[in-house]
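Colleague:
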Amino acid sequence: MEKPILIVCVDRDNDIGEKLGIKGPIFGRKNNLEVAKNLALKDPEESDANSLFGAIKEFDDLKKQNQKVCIATLLGDKKLGIVSDSQISEQLEEVIKKYNPKKAIFVSDGAEDEYVLPIIQSKIELLSIKKIVVKQSSQLESGYYVALKFFKELVHDPQTSKLVLGIPAIIFVLYAIFGSLAWRIVFGIIGIYLIIKGFHLEKFVDAFIGELNAT
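So for the sequence shown, our numbering puts the first residue at 1; every next one is plus one.
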């Protein structure tokens with residue numbers, strides 16, 4: 001039996017689920033079309049509706065070419081990162097188990113969803129990638145998603161937020177308290193940090209702090 005080509009649409013931050021109160025995966029053309037219509041009526045400016053319609057069009061085009069094809073939409077989570085990507089991975093496994101596709105065409109509404117590409121490629125071979133962006137605002141759309149992704153990663157990733165948000169915040173507080181003297185304090189702290197990292201003194205510092213705590 002010939003295996004179908006999977007048209008897979010991904011909403012990584014789960015705008016669809018949040019606005020319509022549904023869970024993924026969304027199977028089949030009929031269900032995806034219904035969701036696309038409801039989403040467009042709920043929020044006409046929602047770009048995920050465009051990607052859903054784009055995925056359905058891709059499905060119909062392949063059907064006209066007498067290709068065996070199936071379609072599914074994966075919904076992530078508003079908590080971007082491990083939570084959203086884990087859900088997408090689990091839903092993709094469910095879709096593959098149901099349809100047993102040979103290859104997939106990935107349909108995205110912008111740069112945000114492209115971060116799930118490694119997840120999809122690890123489970124099924126990609127035949128093509130389709131980005132559905134409103135023509136008159138393609139640059140703005142892509143720039144918006146890149147900026148939004150960057151900001152969300154800063155907020156939700158503890159390591160990144162400490163470095164990019166935490167350190168500048170400390171500098172601002174020190175400057176507010178000590179004025180120009182704060183720069184000497186900041187450069188001194190940075191110098192100490194670089195010495196510790198440069199000479200690999202982390203274990204020595206940890207041991208020293210441990211002894212101080214013990215006393």
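Where a beta carbon is used, it is the ideal one built from N, C-alpha and C, also for glycine. Everything numeric in this text was worked out from a predicted model, so none of it was measured.
Taking the beta carbon of residue 184 as the centre, do at least 16 other beta carbons fall within 10 Å, making it buried, or is it exposed?
Modeller: Taking the sequence shown and counting its residues from 1, the one referred to as residue 184 is at position 184. Answer is exposed; the Cβ neighbour count stays below 16.
Colleague: Per DSSP, residue 7 forms a beta bridge with which residues?
Modeller: Here the question's residue 7 lines up with position 7 in the sequence shown. Answer is 71, 105.
Colleague: Can you give me the start and stop residues for the alpha helix (DSSP H) that residue 174 sits inside?
Modeller: Taking the sequence shown and counting its residues from 1, one reaches residue 174 at position 174. Its alpha helix (DSSP H) spans residues 167-178.
Colleague: Check for me: the alpha helix (DSSP H) holding residue 129 runs from which residue to which?
Modeller: Position 129 of the sequence shown, counted from the start, is the residue given in the question as residue 129. Segment 126-131 is the beta strand (DSSP E) holding residue 129; no alpha helix (DSSP H) there.
Colleague: Closer than 7 Å by C-beta to residue 29: which residues in its own chain qualify, once you throw out the five before and the five after it? Chain order, please.
Modeller: In the sequence shown, the residue the question calls residue 29 occupies position 29. The residues are 56, 59, 71.
Colleague: Quick check on residue 87: buried or exposed, where buried means 16 or more other Cβ atoms within 10 Å of its Cβ?
Modeller: By one-based count along the sequence shown, residue 87 stands at place 87. Buried: at least 16 other Cβ atoms inside 10 Å.
Colleague: Run through DSSP, which three-state label would residue 27 get?
Modeller: For the purposes of this step, residue 27 is taken as the residue at position 27 of the sequence shown. It is a strand residue.
Colleague: For my contact list, residue 67 and residue 5 are in at a C-beta cut-off of 8 Å; report their separation, rounded to the angstrom.
Modeller: Looking up residue 67 in the sequence shown gives position 67. Looking up residue 5 in the sequence shown gives position 5. So it is a contact: roughly 6 Å between Cβ atoms.
Colleague: Does the beta-carbon of residue 15 have 16 or more other beta-carbons within 10 angstroms, so that it is buried, or is it exposed?
Modeller: Walking along the sequence shown from the start, residue 15 turns up at place 15. Burial call: buried.
Colleague: In this structure, how does DSSP classify residue 66 when only helix, strand and coil are distinguished?
Modeller: Taking the first residue of the sequence shown as 1, we reach residue 66 at position 66. Here residue 66 sits in coil by DSSP.
Colleague: Do the stretch 29-49 and the stretch 91-103 touch if we need at least three Cβ pairs shorter than 8 Å?
Modeller: no
Colleague: Determine the closest residue to residue 89 out of 108, 100, 69, 118, with distance taken between C-alpha atoms.
Modeller: The residue labelled residue 89 in the question sits at position 89 within the sequence shown. Taking only the C-alpha atoms, the option nearest residue 89 is 118.
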